[in-house]
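Written out below as structure tokens is the structure these notes cover.
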Amino acid sequence: MSAAVPPAMDPAAAGEMAREAAAWCALHGLVVGDRADPRSATVPGVGLVHAPFSLLPAHLPESFWRQACELAPIFNELVDRVSMDGNFLQDALSKTREVDDFTSRLLEIHRKMMEINKEENIRLGLHRSDYMLDSETSSLLQIELNTISASFPGLGSLVSDLHRTLIKQHGTLLGLEHKRVPANAANTQFAEALAQAWAEFNIDSAVIMMIVQPEERNMYDQYWLSTHLQDSHGITTIRKTLSQVEAEGQVLPDGTLLVGGQKIAVVYYRAGYTPNDYPSEAEWSARLMMEQSSAVKCPSISYHLVGTKKIQQELAKPSVLERFLESKEEIDKVRKCFAGLWSLGDEEIIKTAVEKPELFVLKPQREGGGNNIYGLDLRETLVRLQKEGGDALAAYILMQRIFPKASLAYLVRGGVCHEGLAISELGIYGAYLRYKDKVVINEQCGYLMRTKVSSSDEGGVAAGFAVLDSLYLTGKADGIEARDVPGTFLSPKLILYIVLEFVIRVAGALVK
Ligand code: ADP
Ligand code: MG
Numbered sequence: 006m007s008a009a010v011p012p013a014m015d016p017a018a019a020g021e022m023a024r025e026a027a028a029w030c031a032l033h034g035l036v037v038g039d040r041a042d043p044r045s046a047t048v049p050g051v052g053l054v055h056a057p058f059s060l061l062p063a064h065l066p067e068s069f070w071r072q073a074c075e076l077a078p079i080f081n082e083l084v085d086r087v088s089m090d091g092n093f094l095q096d097a098l099s100k101t102r103e104v105d106d107f108t109s110r111l112l113e114i115h116r117k118m119m120e121i122n123k124e125e126n127i128r129l130g131l132h133r134s135d136y137m138l139d140s141e142t143s144s145l146l147q148i149e150l151n152t153i154s155a156s157f158p159g160l161g162s163l164v165s166d167l168h169r170t171l172i173k174q175h176g177t178l179l180g181l182e183h184k185r186v187p188a189n190a191a192n193t194q195f196a197e198a199l200a201q202a203w204a205e206f207n208i209d210s211a212v213i214m215m216i217v218q219p220e221e222r223n224m225y226d227q228y229w230l231s232t233h234l235q236d237s238h239g240i241t242t243i244r245k246t247l248s249q250v251e252a253e254g255q256v257l258p259d260g261t262l263l264v265g266g267q268k269i270a271v272v273y274y275r276a277g278y279t280p281n282d283y284p285s286e287a288e289w290s291a292r293l294m295m296e297q298s299s300a301v302k303c304p305s306i307s308y309h310l311v312g313t314k315k316i317q318q319e320l321a322k323p324s325v326l327e328r329f330l331e332s333k334e335e336i337d338k339v340r341k342c343f344a345g346l347w348s349l350g351d352e353e354i355i356k357t358a359v360e361k362p363e364l365f366v367l368k369p370q371r372e373g374g375g376n377n378i379y380g381l382d383l384r385e386t387l388v389r390l391q392k393e394g395g396d397a398l399a400a401y402i403l404m405q406r407i408f409p410k411a412s413l414a415y416l417v418r419g420g421v422c423h424e425g426l427a428i429s430e431l432g433i434y435g436a437y438l439r440y441k442d443k444v445v446i447n448e449q450c451g452y453l454m455r456t457k458v459s460s461s462d463e464g465g466v467a468a469g470f471a472v473l474d475s476l477y478l479t480g481k482a483d484g485i486e487a488r489d490v491p492g493t494f495l496s497p498k499l500i501l502y503i504v505l506e507f508v509i510r511v512a513g514a515l516v517k
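Counting in the working numbering, the sequence shown runs from 6 upward without gaps.
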């Protein structure tokens, strides 16, 4: 079931297709705020540019796609179960709290909720589990699980539509079939889950409140969800920053959260995941106020903590999954996608990482891209932290580096099409809604493919490292294969690129 080899097409055709695609983006709302326009992050409808995208979808063997989809409801359930074990979360993060102020503040709110036995009868999770295909072992390995502010459910769905449209139009020429781009309804399914949570809350006059950053160039991804909520469910969404919530919000004695006089049914966080979102005490008191209220929190403080990198590493320890899942089959499926994960209490692993830093990634307890440490920086950081002594190392986890196979891609950013070797990261969205003992929703809902030049270590689209992509299912099971890019696309520049990459890899292997 692998795609046919397409006929030749000259590079000018790629440029022309990129122009068509960029126009499609403008017409269909696949847009972000343009960095070049200072008002684009605060004033809707001003300074729009097409979201960065890949011209053709990344190829993925269908077996890996199925594996990733099957994992979504299991991770949804796992998050819920781990979230209910407050002591596990506090204990697992106890060392991190000593050295990481942000985690410590989150844990403080969590502890306060434990002290008052705060119950969340309606629990809503909108997660995204990210994976890469490791070419060395030909296995799908999890990068991380996002339980707060998983981005691009809105725009990601549109990229699948864009790719299907382009393939329908140029399919014969490209040798691709549009049906092999799987349907992607992350936008409507996330809106549906938010709407269901609102319905469970059962107050018709209440609204959904999206917590946003004061400046947000990715606002259209968010507006897609509020538009679906209004159009398909008749539910109003208001947008507030953490500091606005602090200024305008209050919790009534019965637990009702009022913001600007409006009753809030669901708090949906698209901010609050990084220390930058809490520049003063005001933002922290807003977070605490919302947590204390009876509104549905997506995520609650405990769901948020389950998504930390430290908990990912704790869950990968022997026998820990068994505490939370009963089914041996499900445990095996989850464990199979875990890469090597270590805490830095382990001297042996530090020694190995210092010797071979290229095989590891050092991760602090942060979200949002641009925080990980690689290569020589990783070695230097480990050596320095060890010398300094104390608990500083507890702020990080160490992860096996995953090496996806690079393939040729056309990445379009700011109306310019760049060709290059690229690697992709697959995100699978999951929605989970629970009312007391009843699971109302537990499903996989759509996906996000992100593609970046293979020389970049980081992966965020909003952070400027990657572009949005979709996927093209193939029958092969040997990793993400080369895209079906026409032969004459291999310009002299590109051939030089490939040769250089090869030389660097061989040189790297000799040094090891
Ligand atoms: P963040 O919370 O900042 O998104 P991630 O764990 O997702 O943190 O890491 C950011 C990016 O770094 C990922 O999108 C991926 O491109 C890259 N990355 C993370 N972990 C690994 C790994 N183990 N091997 C290779 N690349 C990784
Ligand atoms: Mg990530």
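The C-beta atom is built at its ideal place from N, Cα and C for all residues, glycine as well.
For my contact list, residue i and residue j are in at a C-beta cut-off of 8 Å; report their separation, rounded to the angstrom.
{"i": "Val-87", "j": "Phe-93", "result": "7 Å"}
{"i": "Val-458", "j": "Ala-27", "result": "Going by Cβ atoms, the distance from Val-458 to Ala-27 rounds to 19 Å, so no, they are not a contact pair."}
{"i": "Ala-97", "j": "His-132", "result": "19 Å between Cβ atoms; not a contact."}
{"i": "Val-600", "j": "Ile-216", "result": "Lying before the first or after the last residue shown, residue 600 is absent from the chain, which here runs from 6 to 517."}
{"i": "Ala-190", "j": "His-238", "result": "The pair is not a contact, with the Cβ atoms about 15 Å apart (cut-off 8 Å)."}
{"i": "Tyr-225", "j": "Val-48", "result": "About 13 Å separates the two Cβ atoms, so there is no contact after all."}
{"i": "Leu-167", "j": "Phe-58", "result": "7 Å"}
{"i": "Ile-121", "j": "Leu-293", "result": "Not a contact, Cβ separation roughly 12 Å."}
{"i": "Asn-81", "j": "Tyr-434", "result": "Not confirmed; about 10 Å, so no contact."}
{"i": "Thr-287", "j": "Glu-251", "result": "The sequence as given places Ala at residue 287; Thr does not occur at that position. Contact holds; Cβ gap of about 4 Å."}
{"i": "His-571", "j": "Cys-30", "result": "Lying before the first or after the last residue shown, residue 571 is absent from the chain, which here runs from 6 to 517."}
{"i": "Ile-153", "j": "Tyr-228", "result": "Incorrect: roughly 19 Å between the Cβ atoms, too far for contact."}
{"i": "Gly-375", "j": "Glu-463", "result": "6 Å"}
Excluding the 5 residues preceding and the 5 following residue i in the sequence, name in chain order all residues of the same chain whose CB lies nearer than 7 Å to its CB.
{"i": "Ala-270", "result": "Trp-203, Phe-206, Ile-208, Ala-211, Val-212, Ile-213, Ala-300, Val-301"}
{"i": "Val-104", "result": "Asp-396, Ala-397, Ala-399, Ala-400"}
{"i": "Asn-126", "result": "Tyr-440, Lys-441"}
{"i": "Ile-532", "result": "The structure shown does not extend to residue 532, since the chain spans only 6 to 517, so no value can be given for it."}
{"i": "Leu-346", "result": "Gln-317, Gln-318, Ala-321, Ile-402, Met-404"}
{"i": "His-183", "result": "Arg-169, Ile-172, Lys-173, Gly-176"}
{"i": "Leu-381", "result": "Pro-362"}
{"i": "Ala-46", "result": "Gly-38, Glu-220, Glu-221, Arg-222"}
{"i": "Arg-24", "result": "none"}
{"i": "Val-366", "result": "Asn-377, Tyr-379, Met-404, Arg-406"}
{"i": "Lys-100", "result": "Asp-396, Ala-399"}
Keeping to the same chain, check which residues put their C-beta closer than 8 Å to that of residue i; ignore five residues upstream and five downstream.
{"i": "Gly-20", "result": "Cys-422"}
{"i": "Ser-496", "result": "Low local confidence applies: a pLDDT of 42 at Ser-496 is under 50, so the model's placement there is unreliable, and no value is given."}
{"i": "Asp-42", "result": "Val-51, Gly-52"}
{"i": "Asp-90", "result": "Arg-328, Phe-329"}
{"i": "Gln-235", "result": "Thr-241, Thr-242"}
Based on DSSP bridge pairs, tell me the residues matched to residue i.
{"i": "Ala-23", "result": "Beta-bridge pairing links Ala-23 to no other residue."}
{"i": "Val-466", "result": "Paired residues: none, contrary to the question."}
{"i": "Gln-318", "result": "According to DSSP, Gln-318 bridges with nothing at all."}
{"i": "Ile-127", "result": "Tyr-440"}
{"i": "Met-295", "result": "The partner list for Met-295 (beta bridge, DSSP) is empty, contrary to what the question assumes."}
{"i": "Glu-113", "result": "According to DSSP, Glu-113 bridges with nothing at all."}
{"i": "Leu-478", "result": "Leu-65"}
{"i": "Ser-429", "result": "Thr-456"}
{"i": "Lys-302", "result": "Val-272"}
{"i": "Met-215", "result": "Arg-244, Tyr-273"}
{"i": "His-4", "result": "The requested residue 4 is not part of the displayed model; the chain covers only 6 to 517."}
{"i": "Asp-135", "result": "Glu-149, Gly-432"}
{"i": "Ser-285", "result": "Ser-285 is not bridged to any residue."}
{"i": "Val-264", "result": "Gly-254, Gln-267"}
{"i": "Ile-402", "result": "Ser-348, Lys-368"}
{"i": "Glu-448", "result": "Ala-436"}
By Cβ distance, which residues of its chain are closer than 6 Å to residue i, with the 5 residues on each side in sequence left out?
{"i": "Gly-265", "result": "Glu-253"}
{"i": "Ser-231", "result": "Thr-242"}
{"i": "Gly-373", "result": "Thr-279"}
{"i": "Met-454", "result": "Ala-63, Ser-429, Leu-431, Asp-474, Ser-475, Leu-476"}
{"i": "Glu-486", "result": "In this prediction, Glu-486 has a pLDDT of 46, which is less than 50 and means its spatial position is unreliable; what the coordinates show is noted afterwards. Around Glu-486: His-64."}
{"i": "Leu-129", "result": "Ala-202, Val-301, Cys-303, Leu-438"}
{"i": "Cys-450", "result": "Ala-191, Gln-194, Tyr-434, Ala-436"}
{"i": "Arg-244", "result": "Met-215, Val-217"}
{"i": "Gly-484", "result": "The predicted position of Gly-484 is uncertain, since its pLDDT is 44 and thus under 50; no value can be drawn from it."}
{"i": "Gln-72", "result": "Leu-145"}
Any heavy atom of ligand 4 closer than 8 Å to the CB of residue i?
{"i": "Asn-223", "result": "Absence of ligand 4 is noted for the structure shown, with ligand 1 and ligand 2 being the only ligands found."}
(message) Restricting to runs no shorter than 3 residues, where is the beta strand (DSSP E) found entirely within the stretch 36-110?
(response) 36-38, 53-55, 63-66
(message) Give the list of continuous beta strand (DSSP E) stretches no shorter than 3 residues that lie fully inside the stretch 338-371.
(response) 346-348, 365-369
(request) Please go through the stretch 151-197 and give each complete alpha helix (DSSP H) segment of 4 or more residues, from N-terminal end onward. (result) 158-179
(message) With three or more C-beta pairs closer than 8 Å as the rule, is the stretch 440-451 touching the stretch 194-202?
(response) yes
(message) Under 8 Å, with one C-beta from each stretch per pair, do the stretch 99-114 and the stretch 365-372 reach the 3-pair mark?
(response) yes
(message) My parser needs the beta strand (DSSP E) runs of 3 or more residues fully inside the stretch 234-262; what are they?
(response) 242-245, 254-256
(message) Closer than 8 Å is the cut-off here; do at least three beta carbon pairs connect the stretch 353-360 with the stretch 314-334?
(response) no
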